[in-house]
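Per our numbering, the very first residue in the sequence shown carries number 780; after that it's consecutive. Glycine included, every Cβ here is placed at the ideal spot set by N, Cα and C. In what follows, a structure is listed as structure tokens, so that the remarks can point back to it.
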Amino acid sequence: MQQQFSEHHELGQAYRELLSLCDRLETLADSIPRRIDLTSCRVILTELPEKLRRVHALEEMILFPAVEIQRADDGRYALIARLRAEHDQDDRAAVELVRVLKAVLDNRASLSWDAIGYMLRGFFETVRRHVATERLLLWRHA
């Protein structure tokens, strides 16, 4: 029981950190193109891959087994497959986002500011929705 609490606490902390990063992405998107905070941009592109990997690893270690144990129907395998696919999609989107932010920092962005803002918003909104869904699943299977 203590280990389960510790694992849930660790995942909760990882979610908070990832959502905080989403808040910074939103602030960055809101600032485009008037006043890009280059320091924030550097921090985001450095932290994003690590924070996303950490959340995904914890979800796969904590949430996925809980879903497998608690759901008796065959839908559990489809649910886990969908969550894994979302992880893959989030990872690919994060790689592309980091590439674009590096280009912005190097003053060689090939996308319009509108496209960059749209990309940022699409990413953080998807991540927020993903976290909300997985928190609900975790709560239901705790």
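Comparing alpha-carbon positions, which option in the options lies nearest residue i?
{"i": "GLU913", "options": "ALA808, GLY896, LEU858", "result": "LEU858"}
{"i": "GLU826", "options": "ALA864, ILE848, LEU800, TRP892", "result": "LEU800"}
{"i": "HIS835", "options": "ALA864, ARG900, LEU804", "result": "ALA864"}
{"i": "PRO812", "options": "GLY901, PHE903, TYR897", "result": "TYR897"}
{"i": "ALA882", "options": "GLU796, ILE815, GLU805", "result": "ILE815"}
{"i": "GLY901", "options": "LEU804, GLU796, LEU797", "result": "LEU804"}
{"i": "LEU862", "options": "ASP852, VAL877, VAL846", "result": "VAL846"}
{"i": "LEU884", "options": "PHE843, LEU807, ARG795, LEU798", "result": "LEU807"}
Give me the Cβ distance between residue i and residue j, rounded to the nearest whole Å; I'm assuming they're in contact under 8 angstroms.
{"i": "THR905", "j": "ASP869", "result": "7 angstroms"}
{"i": "ARG833", "j": "ALA793", "result": "5 angstroms"}
For residue i, name the three-state secondary structure that DSSP assigns.
{"i": "ARG907", "result": "helix"}
{"i": "LEU915", "result": "helix"}
{"i": "ALA894", "result": "helix"}
{"i": "ILE900", "result": "It should be pointed out that residue 900 corresponds to Arg in this sequence rather than to Ile. Of the three classes helix, strand and coil, the one that applies to ARG900 here is helix, per DSSP."}
{"i": "ALA888", "result": "coil"}
How should residue i be labelled, buried or exposed, when 16 other C-beta atoms within 10 angstroms of its C-beta is the threshold for buried?
{"i": "VAL822", "result": "exposed"}
{"i": "ILE841", "result": "buried"}
{"i": "VAL874", "result": "exposed"}
{"i": "ILE848", "result": "exposed"}
{"i": "GLY791", "result": "exposed"}
{"i": "GLU838", "result": "buried"}
{"i": "HIS788", "result": "exposed"}
{"i": "LEU890", "result": "exposed"}
{"i": "LEU831", "result": "buried"}
{"i": "LEU915", "result": "exposed"}
{"i": "LEU817", "result": "exposed"}
Q. Which ranges would you report for the alpha helix (DSSP H) in the region 786-873 if only whole runs of at least 4 residues count?
A. 817-837, 843-849
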